[in-house]
Every structure is written in structure tokens, then in C-alpha cells.
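If you count the sequence shown from 1, position 93 lands on 96 in my numbering, and the numbers rise without skipping. In what follows, a single structure is set out as C-alpha cells and then discussed.
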Amino acid sequence: MTAPVFVDSNVLVYARDTGHPDKQRQARAWMTELWRSRRGRLSFQVLAEYYVTVTRKLQPGLDDGTARQDVQALLAWKPVTVDKQVLEQAWQVEDRHGLSFWDTLILAAAQVGSCRYLLTEDLQDQQRIGGIVLVNPFRSTPESLA
């Protein structure tokens with residue numbers, strides 16, 4: 004794996020979700036490889052979604068301190084800021100592909116972050132949008148992106 008890989012919040016959440024052990028194992032395999040290869044990328048939107056989900060929605064959830072430590076560690080992945088460029092890019096993707104605005108913000112951040120892949124289970128696996136290949140991390144392995 005050589006190209007940067009943008010990670011959606013659902014992958015981060017599943018890496019902490021003991022209620023779904025198969026998805027947790029797969030998400031952790033992806034995270035381990037992305038840390039090892041230094042290819043992981045995300046946005047501040049993804050970090051915020053992760054924090055809220057694991058502290059407020061996940062059962063059993065994480066305590067605020069543990070979730071904050073996770074977010075602090077993930078800052079090493081050079082989060083993309085949702086700024087004017089990302090917003091305008093998201094609108095273009097939204098107009099072209101009819102996706103939800105939140106999904107287009109993720110795609111736009113991946114584009115601005117020069118990523119080739121987006122790991123998410125929320126969009127169609129292997130679809131290409133704006134130069135980004137969507138990869139369902141629960142249908143593929145990190146080795147498949149070599």
C-alpha cells in the first residue's frame with residue numbers, strides 16, 4: 004500500500020466496538036496497517052464524529068479521556084480542515100453524484116488530502132468518485148490496496 008488512505012469515522016468506531024467483534028477485528032487490521040505504513044488520513048469532521056459516537060452512542064462507550072487520547076493520537080494523520088476549498092469541492096460532488104452532504108464532505112476532504120482511497124462502509128464498494136476509490140473495509144483487506 005503506497006497511496007494515502009482516507010478513513011471514515013465508522014472504521015475508527017468499529018475498531019473500538021466490542022459489540023461487533025468481526026468488524027472490530029477487521030477495522031483494527033486496517034488501522035494497524037495504516038499506522039505501520041503511515042498512509043492514514045482523515046479530517047477534523049471525522050475526528051469529531053468519532054468522538055461523539057464512541058462517547059455518546061457506542062454501548063459500551065469509551066470514557067471522554069480515552070476518546071480524547073485516541074483523537075490526540077490521530078492528529079498525527081494530518082487531519083484535513085473543512086474550509087472553503089473542502090466545502091466548495093463537497094458541493095460539486097453533491098451536485099454531480101447526488102450523495103448526502105456529509106458524505107460529500109468526507110469525499111472532498113479525501114480529495115483535498117490527495118488520497119487515492121476512502122475506507123467507508125457507507126458508500127458503494129469499489130465505486131470511483133472524483134479520483135477516489137471507495138473501499139468497504141469489511142469486504143477488503145489492507146493487502147488488497149498494495
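The C-beta atom is built at its ideal place from N, Cα and C for all residues, glycine as well.
Taking DSSP as the reference, what is the three-state secondary structure of residue i?
i: L223; result: What the structure shows of the chain is the stretch from 4 to 149, and residue 223 is not part of that stretch, so it cannot be assessed.
i: V221; result: In the structure displayed, the chain extends from 4 to 149; residue 221 sits before or after that span and is not available.
i: G68; result: helix
i: R99; result: helix
i: V85; result: coil
i: R131; result: strand
i: S143; result: coil
i: R31; result: helix
i: L155; result: In the structure as shown, the chain begins at 4 and stops at 149. Residue 155 is therefore absent and cannot be evaluated.
i: L126; result: coil
i: R39; result: helix
i: L77; result: helix
Among the residues of its own chain, which have a CB less than 7 Å from the CB of residue i, if the five just before and after it don't count?
i: H168; result: Missing from the structure shown is residue 168; the chain here goes from 4 to 149 and no further.
i: L77; result: L45, L50
i: E52; result: S12
i: M34; result: A18
i: Q92; result: A111, Q114, V115
i: L126; result: D106, L137
i: T58; result: G64, L65, D67, A70
For residue i, which of the options has the nearest alpha-carbon?
i: W105; options: A79, S40, A18, F47; result: F47
i: S147; options: R19, A93, P24, A32; result: A32
i: R19; options: P82, D66, L37, E36; result: D66
i: H23; options: L61, V55, S40; result: L61
i: P82; options: P140, V115, E124; result: V115
i: V96; options: E124, R59, R42, I135; result: I135
i: A79; options: W94, T56, S103, R41; result: R41
Please work out which residues of its chain come closer than 8 Å, Cβ to Cβ, to residue i, disregarding the five sequence neighbours upstream and downstream, and give them in chain order.
i: R142; result: D128
i: T21; result: Q27, P63
CB-CB under 6 Å to residue i, same chain, minus the five flanking residues each way: which ones, in chain order?
i: Q75; result: none
i: E36; result: P145
i: Q130; result: L137
i: Y54; result: A70, V74
i: L15; result: Y53
| query | Counting Cβ pairs, one atom from each stretch, are 3 or more of them under 8 Å apart for the stretch 105-112 and the stretch 80-90? | reply | Short answer: they touch.
| query | Do three or more CB pairs link the stretch 6-18 to the stretch 119-128 at distances below 8 Å? | reply | Contact between the stretch 6-18 and the stretch 119-128 is present, with at least three C-beta pairs closer than 8 Å.
| field | Cβ pair count under 8 Å reaching 3, the stretch 60-74 against the stretch 25-35 | value | With the cut-off at 8 Å, the stretch 60-74 and the stretch 25-35 do not touch.
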